[in-house]
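Written out below as structure tokens is the structure these notes cover.
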Amino acid sequence: MSNLLGLEVTKIVGTPPEEVERVKNWINTEEYKEKNFARQALVITPAHACQPLGAELAAHGFEGTLPFVHGSQGCTSYFRSTFNRHYREPAPAASSAMSEDGAVFGGQNNLHEGLENAVALYKPKMIAVFTSCMPEVIGDDLTAFIRNAKQKGCVPSDLPTPYANTPSFNGCHIHGYDSMLLSILQTLTEGKQIEGRFTGKLNLIAGCDFNTGNYREYKRILKEFGIPYTLLADISETFDSPLDGHYHIYPGGTKLDDAGDSINGKATIALGSYSTAKTFGWVKDNYSGKHVSMPVPFGIAKTDAFLMKISELFGKPVPESLKAERGRAVDLMTDAHQYIHGKKFAVYGDPDYLLGYVSFLLEMGAIPYHILCSKGTKKLEKEIQALLDTSMNGKDCKIYINKDLWHMHSLLMTDPVDAMIGDTHGKLQARNAKIPLFRFGFPVFDRVNLHRIPLIGYQGVLNMLSTICNKFIDITDDTCDDRHFEMMR
Ligand code: SF4
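Counted the way this note's numbering counts, the sequence shown spans residues 10 to 498.
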């Protein structure tokens, strides 16, 4: 067959339906799984986002702060739309909008012009600058660029302008969060350490956590204790502010003065050692008082440890109200255990959350069977394995470090489980495997309000357990025959 120019062309024919069916079945086999796990150069649906997105989250946690992306506009749109979709709230951020000429000659002019405009238009109390891949690839010198911007007057010399290098080809959102938070604290506390001054406060670093309900829960727990605190970096209002008919560009956030004075605190607790490693390392060397790094308090044991640590640091007993909450959480665990005990789960997500899921599931007698982290380390693997070793339910569980959600597909199809825990990106895998997906991670684009429901503390136990067990009961109701359709479950 030839075309209008007389050249030979091959006629395209559709793939025969039987071939489509054959491949559809083949990708669920052990043979395919072997090929899938031999994959080296290609990542398919990773369960993480890029560094600057985490940096933007940290920036949003401070009063009057404008996140500023030095890089291309497309990246900035991606970060903002991810926040918009997850929170269904605006996420104001500016960009130096680098394009081809910036990529060739460097992005300093773009950055200076962008900063000048941002200051004039959005009147921030602080601008937090971080990079996308492009300026990192060409080697833009952010330190010199910011210094020059201040010298040229593009940014007022007294406007705090922390900045962080957040190249996404190295690390992921939790590392960007850590780098940005560190730079913000270094900037705001500069020259603020006063010999002999103690604020008497607890600094609570919440870690890279996208759940606004968790931040409110931390604040409630500390209020119950009656302990003065500074929550770093507090996104609870930023992404969950009241609808009052007016647009507020910077709702909420940790007060800059409080963040500056945090260096004189009585104690600092950093939660989530994987997303606060650099920040905590610096805090330990520079902040007054005591310093502790702890896991995010998912489940009973980790919440107990968190509360007892606060009690120990401040010499105050755990309040009766929180003890009663614990009692209620244990009671509901007892009431609900038969619906979850022995059930197999596939879990994926950020290291600090994964440790929480595994801990919580083991406490409930469930089996965190496939545990997958697409940006993990040997240290994380060892830490999860140590948790698994504490329970007989952990003995057949496997950890997959630096694997993606298409690897998860093969795991689910060849070695099935009862449910998944993760974020929205796993919904295709859950659908293929015909199992429920519990959306406790980030981002969640396809359900509403989940970011408001706390997962940490005893309240988090109640929320996660009720969600999981009631779904399993729903499934029983939906799939049982008439003879077994019962009022009581
Ligand atoms: S990976 Fe790099 S290029 Fe892609 S969105 Fe993130 S910062 Fe931009």
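For every residue, glycine included, the Cβ atom is placed at its ideal position computed from N, Cα and C.
What's the C-alpha gap between residue i and residue j?
i    : j    : result
V128 : K293 : 33 Å
V339 : L363 : 22 Å
F139 : A158 : 15 Å
L334 : A215 : The sequence shown places Glu at residue 334, not Leu. Looking at the two C-alpha atoms, the distance is approximately 21 Å.
C163 : G115 : 17 Å
N34  : R448 : 27 Å
D149 : K412 : 31 Å
S302 : K318 : 10 Å
L205 : F234 : First, the residue type needs correcting, since residue 205 is Gly and not Leu in the sequence shown. Roughly 25 Å between the two C-alpha positions.
G281 : E27  : 50 Å
L316 : K42  : 44 Å
F454 : N93  : 9 Å
A58  : R48  : 21 Å
M422 : N37  : 5 Å
V113 : A153 : 18 Å
P306 : Y283 : 14 Å
M189 : V146 : 19 Å
D398 : G254 : 53 Å
T433 : L16  : 47 Å
Which residue from the options puts its Cα closest to that of residue i?
i    : options                : result
L370 : L389, M303, M473, L190 : M473
N273 : L252, T239, K287       : T239
I477 : T74, P463, M429        : M429
G298 : I203, F154, L14, L75   : I203
F46  : L414, R456, G435, E109 : L414
L151 : L124, L130, D167       : L124
G80  : S177, T170, I278       : S177
A100 : T24, G111, A333, G73   : G73
N295 : L168, T196, N223       : T196
P452 : A345, S11, V18, T221   : T221
E40  : S419, F289, E30        : S419
N118 : M135, I155, T85, Y87   : I155
D361 : M401, Y378, L241, A286 : A286
L471 : R48, M373, I183, C84   : M373
K232 : C142, I147, T247, L331 : L331
A103 : F88, R97, R94          : F88
H379 : K387, G358, T399       : G358
P260 : H184, G435, H69, Y467  : H69
I21  : S11, R498, A395        : S11
P218 : M496, T485, M497, G450 : Correcting the residue type first, residue 218 is Asp in the shown sequence and not Pro. Residue G450 is the option with its Cα nearest to D218.
Y186 : G200, P171, D490       : P171
Q468 : K391, G308, F323, L51  : G308
F354 : P237, V426, P326       : V426
Would you list the residues sitting across from residue i in a DSSP beta bridge?
i    : result
V78  : S104, F139
M429 : A355, L446
C382 : I410
T499 : Because the chain spans 10 through 498 in this model, residue 499 falls outside it and cannot be assessed.
S177 : For S177, which the question treats as bridged, DSSP gives no partner whatsoever.
T263 : F71
S11  : E17
Y172 : V138
I376 : K353
Could you pull the start and end residues of the beta strand (DSSP E) that residue i belongs to?
i    : result
N212 : 211 to 214
T19  : From DSSP, T19 is part of no beta strand (DSSP E); its letter is neither H nor E.
H300 : 299 to 303
A276 : 276 to 280
Confirm the yes/no value for this check: CB of residue i, any heavy atom of the ligand SF4, distance under 6 Å.
i    : result
Y87  : yes
S90  : no
S141 : yes
S177 : yes
P76  : no
C181 : no
C59  : yes
C489 : no
C2   : Outside the shown range of the chain (10 to 498) lies residue 2, about which nothing can therefore be said.
C84  : yes
For chain C, check one thing: does any of its Cβ atoms lie closer than 7 Å to the Cβ of residue i?
i    : result
D249 : Chain labels in this structure do not include chain C; a single protein chain is all it has.
With respect to the alpha helix (DSSP H) encompassing residue i, which residues constitute its N-terminal and C-terminal limits?
i    : result
V113 : 109 to 114
Y131 : 117 to 131
I484 : 466 to 488
G435 : It is not in any alpha helix (DSSP H) - G435 carries neither H nor E in the DSSP assignment.
R156 : 151 to 161
E204 : E204 -> no alpha helix (DSSP H), and no H or E assigned at all.
E321 : 308 to 323
I258 : Neither: I258 is in no alpha helix (DSSP H) and is coded neither H nor E.
E233 : 221 to 234
K404 : Segment: none, K404 is in no alpha helix (DSSP H) and carries neither H nor E.
S192 : 182 to 198
F494 : It is not in any alpha helix (DSSP H) - F494 carries neither H nor E in the DSSP assignment.
Y41  : 39 to 47
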